[in-house]
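Numbering (our numbering), first residue to last: 3 to 73.
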């Protein structure tokens, strides 16, 4: 089976809208596969860093304890 698709675009806005619609028509697995493909192109010689989640916890003193005065 061959899938042919023809797009006729008249402006940058139409092109951007078509790109967005095409991206959202894909499954999350397809979008993630594209990210992996781009990552492999960016880091062809070595193992690229994987996507990481970073959480930083900051403990602060209450405002009143830092010397603020009540009015």
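Even glycine gets a Cβ: it sits at the ideal position worked out from N, Cα and C.
Bounds of the alpha helix (DSSP H) holding residue 33 are 30-44. In this structure, DSSP gives residue 62 a state outside helix and strand, which the three-state scheme calls coil.
Rounded to whole angstroms, residue 39 and residue 63 show a C-alpha spacing of 45 Å. Our two residues, residue 37 and residue 65, have alpha carbons roughly 43 Å apart in a direct line.
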